[in-house]
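Here is the structure we will look at.
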Amino acid sequence: GPDAASASKAGTLVFGAEQGGGPDWCLNLILDVDCNAFWNVVFQTPVVRGAFLFTPQFTYKPDLISRYTLKTKPLRITYYIRKNSKWSDGVQVTGKDWRFTWQTAINKKYAEHIDPLGWEDIRSIKGNGKVVTVTFKRNFAAWRGLFAYVLPQHALAGTWLQQRVSTAPISYGFAVLLVAIGVWLLL
């Protein structure tokens, strides 16, 4: 097909994977225990984004953040959210979204659906604006894997995520995954 520069409009790509997907809520990465996580990542990586992208060179590249600082004793990561990041309805992406994502991950009502690894090691998340600090109870080596996606707090608070997120168009850039909150992220 045409390259990105010469393409006049987007199309639809359909391909069959050798493994079946899970229930509809598999479009929500936070509920990946119930799903085929590999194919979810293949479909969602260009769509649902977070603090870092894991590159083909096996490195992490800042994505939703412009930079971060790391401190130890206790382990603390301060994320600097890109100033121009906002949801499609104009609401800014902030530390509230980070905190909501964490609180969702440790919520007991999702205990059968969410792997708590790493999430339960977080002591606190502070910051409501474009700077957010995550403090851990103990060292967690795979901290970059947390917040691989961020949920929109203003749109999802008070909902049952297995239903709401699976019917929501959510995106952090050029692609939209139509999965009914009507909110995606613009960078």
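Quick note: the sequence shown uses my numbering, first residue 1, plus one each step. Ideal Cβ placement from N, Cα and C applies to all residues, glycine included.
Distance, Cα to Cα, Q92 vs G158? 19 Å
Are three or more beta carbon pairs between the segment 49 to 66 and the segment 110 to 128 nearer than 8 Å? no
Counted within 10 angstroms of its Cβ, other Cβ atoms place D97 as buried (16 or more) or exposed: buried
Kindly list the residues whose CB is nearer than 8 Å to the CB of I132, restricted to its own chain and excluding five residues on each side of it in sequence; keep chain order. According to the sequence as given, residue 132 is Val; it is not Ile. Excluding residues within five positions, the ones whose Cβ falls inside 8 Å are T78, Y79, I81, T94, G95, W98, R99, I125 and K126.
Ranges of the beta strand (DSSP E) found wholly within the segment 95 to 159, counting only runs of at least 3: 122 to 126 and 131 to 136
For W87 versus A155, is the C-beta spacing smaller than 9 Å? Result yes, Cβ atoms of W87 and A155 sit closer than 9 Å.
Should R144 and P74 be called a contact, given that it needs their Cβ atoms to be closer than 9 Å? no
Going along the chain, which residues of its own chain have a beta-carbon closer than 8 Å to the beta-carbon of Y60, five neighbours each way excluded? The residues F52, L53, F54 and R144, in chain order, have a CB closer than 8 Å to that of Y60 in the same chain once the five nearest residues on each side in sequence are set aside.
From S66 to G50, what distance separates their C-alpha atoms? 11 Å
Count the other CB atoms, across all protein chains shown, that sit within 10 Å of the CB of T104; report buried if there are 16 or more and exposed otherwise. buried
Taking the alpha carbon of P152 as the reference point, which residue from A142, N128, K71 and L117 has its own alpha carbon closest? Considering only alpha carbons, the answer is N128.
Around the Cβ of A142, are there at least 16 other Cβ atoms within 10 angstroms (buried) or fewer (exposed)? exposed
Mind checking D63: buried by the 16 CB within 10 Å criterion, or exposed? buried
Pick helix, strand or coil for F58, following the three-state DSSP scheme. coil
Using CA atoms only, rank isn't needed, just tell me which of R76, K83, L70 and P116 is closest to K130. The alpha carbon of K130 has as its nearest neighbour, out of R76, K83, L70 and P116, the alpha carbon of K83.
Taking the alpha-carbon of D115 as reference, which of R123, G90, L146 and S85 has the nearest alpha-carbon? The shortest Cα separation from D115 among R123, G90, L146 and S85 belongs to L146.
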